[in-house]
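The sequence shown runs contiguously to residue 395 in our numbering. Think of the CB as a built atom: it goes at the ideal place given N, C-alpha and C, for glycine as much as any other residue.
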Amino acid sequence: MDARLNYFGNPTAGKTLKHMMSAGKTIKESPLPAATQELVALRVSQINGCAVCVDMHTKEAAAAGETSVRLNLVAVWREATVFTEAERAALELAEQGTRIADAAGGVTDEVWASAAKHYDEEQLTALVVLVSFMNTVNRLNVITQQPAGDYEPGQFH
239 MDARLNYFGN
249 PTAGKTLKHM
259 MSAGKTIKES
269 PLPAATQELV
279 ALRVSQINGC
289 AVCVDMHTKE
299 AAAAGETSVR
309 LNLVAVWREA
319 TVFTEAERAA
329 LELAEQGTRI
339 ADAAGGVTDE
349 VWASAAKHYD
359 EEQLTALVVL
369 VSFMNTVNRL
379 NVITQQPAGD
389 YEPGQFH
């Protein structure tokens, strides 16, 4: 499969992606736990069908020490017993924030309150920005059919 656009060979994409990579770095350096960041990025990417991001975040999480059991269960996190209550709250917020069109109304007050029980304002900010960021990146990659499978951990950091 060939991508419809080569983001790294296009001047407009290059300028834009430079800023996006900077935003991604800011999120990565936030106080939101790294494991939570990877789980959320993976779940949002699964929902959006972004193969290249699923590839990336699965490999980044594994390289950071995440277990294969937890990675394999992210898609069915509600039925899995391997996630903390805080991670479950983040995953639910991520799902509702991603499925805005499907769940008219967006993130419910109940889901927000659950996340706010586990994360302070700075972490909640990072979580909201991460969900929005991943939705943007997923759309860029899905629209242009970016292929998956070749990502190496740390490739874009």
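So which of the options has the shortest CA-CA distance to residue i?
i, options, result
"ASN286", "GLY335, VAL345, ASP347", "GLY335"
"LYS355", "VAL367, THR322, LYS256", "THR322"
"ALA353", "GLN393, ALA324, THR296", "ALA324"
"VAL369", "ALA386, GLU330, ALA342, SER260", "GLU330"
"THR391", "ALA261, PHE246, ASN248, GLY303", "As written in the sequence, residue 391 is Pro, which differs from the Thr given in the question. The shortest Cα separation from PRO391 among ALA261, PHE246, ASN248, GLY303 belongs to GLY303."
"ALA364", "VAL320, ALA339, ALA279, LEU378", "ALA279"
"MET239", "SER268, GLU317, ALA289, ALA261", "ALA289"
Can you grab the Cα-Cα spacing for the pair residue i / residue j, in whole Å?
i, j, result
"GLN361", "LYS266", "11 Å"
"ARG337", "LYS263", "25 Å"
"HIS257", "ALA328", "25 Å"
"HIS395", "ALA301", "13 Å"
"TYR357", "MET372", "19 Å"
"THR382", "LEU243", "6 Å"
"THR396", "GLU298", "As shown, the chain starts at 239 and ends at 395. That puts residue 396 outside it, with no answer to give."
"VAL312", "ASN248", "34 Å"
"MET259", "GLY344", "26 Å"
"THR274", "GLU348", "20 Å"
"GLU333", "GLY252", "29 Å"
"GLU359", "PRO271", "13 Å"
If you follow the alpha helix (DSSP H) that residue i is part of, which residue opens it and which one closes it?
i, result
"ILE381", "359-381"
"ASN286", "272-286"
"PRO249", "249-266"
"ARG308", "306-311"
"ASP347", "347-356"
"THR336", "323-336"
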